[in-house]
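So the structure is just underneath, and the comments pick up after that.
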Amino acid sequence: MIATIQKVNDDFTARYERHLHHPVEAVWSMLTDNEKLQQWFSELKVVDLRKGGLIKFDMQDGTFIDMQILDYEPLKILAFEWDKDIAKFELSPVSDGCQLTFIETISSFTEQTIKDLAGWHVCLDVIGAILDGRTISRKDEWQAWYVEYEELLKEVKK
13 MIATIQKVND DFTARYERHL HHPVEAVWSM LTDNEKLQQW FSELKVVDLR KGGLIKFDMQ
73 DGTFIDMQIL DYEPLKILAF EWDKDIAKFE LSPVSDGCQL TFIETISSFT EQTIKDLAGW
133 HVCLDVIGAI LDGRTISRKD EWQAWYVEYE ELLKEVKK
(Lines of atoms letter the chains of each structure in order from A and count residues from 1; the text may use other names and numbers.)
(Lines give C-alpha, C1' and ligand atoms only; values in the text may rest on other atoms or scores of the structure.)
Protein backbone atom coordinates (compact mmCIF):
# COMPACT_ATOMS: atom_id res chain seq x y z
CA MET A 1 0.00 0.00 0.00
CA ILE A 2 1.28 3.45 -0.94
CA ALA A 3 2.33 5.84 1.81
CA THR A 4 0.14 8.68 2.95
CA ILE A 5 1.79 12.09 2.92
CA GLN A 6 0.55 14.87 5.16
CA LYS A 7 1.65 18.34 6.17
CA VAL A 8 2.48 18.43 9.88
CA ASN A 9 3.48 21.87 11.18
CA ASP A 10 6.40 22.98 8.99
CA ASP A 11 7.24 19.47 7.77
CA PHE A 12 5.63 16.65 5.85
CA THR A 13 5.30 13.06 6.96
CA ALA A 14 5.19 9.99 4.76
CA ARG A 15 3.49 7.17 6.65
CA TYR A 16 3.72 3.54 5.56
CA GLU A 17 1.79 0.70 7.19
CA ARG A 18 2.61 -2.98 6.87
CA HIS A 19 0.84 -5.85 8.59
CA LEU A 20 3.32 -8.71 8.89
CA HIS A 21 2.39 -12.24 9.95
CA HIS A 22 5.50 -12.55 12.10
CA PRO A 23 6.18 -11.75 15.76
CA VAL A 24 7.51 -8.35 16.76
CA GLU A 25 10.84 -9.97 17.73
CA ALA A 26 11.40 -11.25 14.18
CA VAL A 27 10.58 -7.88 12.62
CA TRP A 28 12.70 -6.01 15.17
CA SER A 29 15.70 -8.19 14.36
CA MET A 30 15.32 -7.25 10.67
CA LEU A 31 15.79 -3.61 11.72
CA THR A 32 18.56 -4.00 14.29
CA ASP A 33 20.62 -7.15 13.55
CA ASN A 34 23.27 -6.12 11.02
CA GLU A 35 23.28 -9.51 9.31
CA LYS A 36 19.53 -9.25 8.68
CA LEU A 37 19.64 -5.52 7.99
CA GLN A 38 22.11 -6.20 5.17
CA GLN A 39 19.51 -8.37 3.44
CA TRP A 40 17.15 -5.45 2.82
CA PHE A 41 19.32 -2.30 3.13
CA SER A 42 22.96 -3.18 2.53
CA GLU A 43 24.18 0.40 2.98
CA LEU A 44 23.08 0.58 6.63
CA LYS A 45 25.01 -0.69 9.63
CA VAL A 46 24.02 -0.35 13.29
CA VAL A 47 27.11 0.68 15.25
CA ASP A 48 25.67 1.58 18.66
CA LEU A 49 22.05 0.53 19.27
CA ARG A 50 20.68 2.97 21.85
CA LYS A 51 19.15 6.44 22.00
CA GLY A 52 22.04 8.72 21.08
CA GLY A 53 23.74 5.78 19.36
CA LEU A 54 24.84 5.49 15.77
CA ILE A 55 23.88 4.01 12.42
CA LYS A 56 26.29 4.34 9.51
CA PHE A 57 25.28 4.78 5.88
CA ASP A 58 27.82 3.44 3.37
CA MET A 59 27.89 5.81 0.38
CA GLN A 60 29.48 3.02 -1.69
CA ASP A 61 32.41 5.29 -2.58
CA GLY A 62 34.57 4.70 0.49
CA THR A 63 32.79 7.32 2.59
CA PHE A 64 30.23 6.91 5.35
CA ILE A 65 27.56 9.13 6.86
CA ASP A 66 26.94 8.93 10.59
CA MET A 67 23.25 9.03 11.52
CA GLN A 68 22.35 9.50 15.17
CA ILE A 69 19.66 7.32 16.72
CA LEU A 70 17.08 9.83 17.97
CA ASP A 71 14.62 7.48 19.63
CA TYR A 72 14.97 3.89 20.74
CA GLU A 73 12.68 1.57 22.67
CA PRO A 74 13.56 -2.11 22.22
CA LEU A 75 10.96 -4.01 20.20
CA LYS A 76 8.94 -0.79 19.73
CA ILE A 77 10.68 2.24 18.25
CA LEU A 78 13.80 2.96 16.21
CA ALA A 79 14.23 6.49 14.85
CA PHE A 80 17.34 7.99 13.32
CA GLU A 81 18.59 10.94 11.30
CA TRP A 82 18.05 10.65 7.57
CA ASP A 83 20.02 13.58 6.14
CA LYS A 84 17.89 16.56 7.22
CA ASP A 85 14.91 14.29 7.80
CA ILE A 86 13.95 11.58 10.30
CA ALA A 87 13.32 7.88 9.62
CA LYS A 88 11.19 6.17 12.28
CA PHE A 89 10.07 2.55 12.64
CA GLU A 90 7.30 1.70 15.09
CA LEU A 91 6.32 -1.88 15.90
CA SER A 92 3.26 -3.09 17.75
CA PRO A 93 2.06 -6.64 18.33
CA VAL A 94 -1.26 -7.69 16.82
CA SER A 95 -3.11 -10.98 17.22
CA ASP A 96 -1.57 -12.58 14.14
CA GLY A 97 1.81 -10.87 13.97
CA CYS A 98 3.15 -7.34 13.95
CA GLN A 99 2.03 -3.94 12.75
CA LEU A 100 5.03 -2.14 11.23
CA THR A 101 4.64 1.59 10.78
CA PHE A 102 7.37 3.59 9.10
CA ILE A 103 7.25 7.37 9.18
CA GLU A 104 9.67 9.63 7.35
CA THR A 105 9.53 13.23 8.52
CA ILE A 106 10.47 15.33 5.50
CA SER A 107 11.76 18.86 6.10
CA SER A 108 11.65 19.85 2.43
CA PHE A 109 11.12 18.17 -0.91
CA THR A 110 14.30 17.66 -2.92
CA GLU A 111 15.26 15.69 -6.02
CA GLN A 112 16.07 12.80 -3.66
CA THR A 113 12.64 12.73 -1.98
CA ILE A 114 10.83 10.67 -4.63
CA LYS A 115 13.72 8.21 -4.76
CA ASP A 116 13.62 7.86 -0.97
CA LEU A 117 9.84 7.41 -0.86
CA ALA A 118 9.95 4.67 -3.49
CA GLY A 119 13.01 3.17 -1.82
CA TRP A 120 11.44 2.96 1.62
CA HIS A 121 8.30 1.44 0.09
CA VAL A 122 10.33 -1.31 -1.53
CA CYS A 123 12.48 -1.83 1.59
CA LEU A 124 9.38 -2.46 3.68
CA ASP A 125 8.07 -4.89 1.08
CA VAL A 126 11.44 -6.67 1.04
CA ILE A 127 11.36 -7.04 4.85
CA GLY A 128 7.99 -8.77 4.53
CA ALA A 129 9.16 -10.92 1.65
CA ILE A 130 12.31 -12.06 3.50
CA LEU A 131 10.30 -12.97 6.58
CA ASP A 132 7.83 -14.86 4.37
CA GLY A 133 10.63 -16.69 2.53
CA ARG A 134 9.87 -14.93 -0.75
CA THR A 135 11.96 -12.79 -3.07
CA ILE A 136 10.95 -9.74 -5.06
CA SER A 137 12.65 -7.80 -7.82
CA ARG A 138 13.76 -4.65 -6.06
CA LYS A 139 14.69 -2.78 -9.23
CA ASP A 140 11.39 -3.48 -11.00
CA GLU A 141 9.41 -2.68 -7.86
CA TRP A 142 11.34 0.52 -7.27
CA GLN A 143 10.78 1.74 -10.82
CA ALA A 144 7.04 1.08 -10.58
CA TRP A 145 6.71 2.78 -7.20
CA TYR A 146 8.87 5.73 -8.29
CA VAL A 147 6.17 6.62 -10.83
CA GLU A 148 3.46 6.29 -8.17
CA TYR A 149 5.30 8.53 -5.69
CA GLU A 150 6.11 11.06 -8.39
CA GLU A 151 2.36 11.41 -9.00
CA LEU A 152 1.58 11.49 -5.28
CA LEU A 153 4.06 14.32 -4.67
CA LYS A 154 2.54 16.35 -7.50
CA GLU A 155 -0.79 16.14 -5.67
CA VAL A 156 0.72 16.95 -2.28
CA LYS A 157 2.53 20.02 -3.62
CA LYS A 158 -0.68 21.54 -5.05
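Mind the numbering: the sequence shown is residues 13 to 170 in the working numbering, read in order.
We treat Cβ as the ideally placed atom computed from N, Cα and C, and that holds for glycine.
Euclidean distance between Cα positions of residue i and residue j
{"i": "R62", "j": "Y84", "result": "6 Å"}
{"i": "S104", "j": "I142", "result": "19 Å"}
{"i": "I81", "j": "D45", "result": "15 Å"}
{"i": "T7", "j": "A130", "result": "No information on residue 7 is available, as it lies outside the stretch 13 to 170 that the chain covers here."}
{"i": "I67", "j": "K127", "result": "20 Å"}
{"i": "E102", "j": "K166", "result": "27 Å"}
{"i": "H133", "j": "V106", "result": "21 Å"}
{"i": "L49", "j": "E163", "result": "30 Å"}
{"i": "T125", "j": "D108", "result": "33 Å"}
{"i": "N21", "j": "I115", "result": "15 Å"}
{"i": "K151", "j": "A99", "result": "22 Å"}
Exposure of residue i, with buried meaning 16 or more beta-carbon neighbours within 10 Å
{"i": "M71", "result": "exposed"}
{"i": "D97", "result": "buried"}
{"i": "K19", "result": "exposed"}
Closest residue to residue i among the options (Cα-Cα distance)
{"i": "Q111", "options": "D95, I89, E55", "result": "I89"}
{"i": "G64", "options": "A91, M42, V168, L43", "result": "A91"}
Residue-chain proximity (residue i, chain D), Cβ-Cβ < 8 Å
{"i": "P35", "result": "The question asks about chain D, but that chain is absent: this structure has only one protein chain."}
Practice prompt. Check whether the region 119-127 touches the region 38-47, taking contact to mean three or more Cβ pairs, one atom from each stretch, closer than 8 Å.
Written response: By the Cβ criterion, the region 119-127 is not in contact with the region 38-47, since fewer than three pairs of Cβ atoms, one from each stretch, lie closer than 8 Å.
Worksheet entry | Contact the region 137-146 vs the region 16-32: 3+ CB pairs below 8 Å | yes
Worksheet item: Does the pairing of the region 143-163 with the region 73-88 give three or more beta-carbon distances under 8 Å?
Response: no
Item to complete: Just list the beta strand (DSSP E) runs in the region 26-70, keeping only unbroken ones of 3 residues or longer that don't cross its boundaries, in chain order.
Response: 56-60, 66-70
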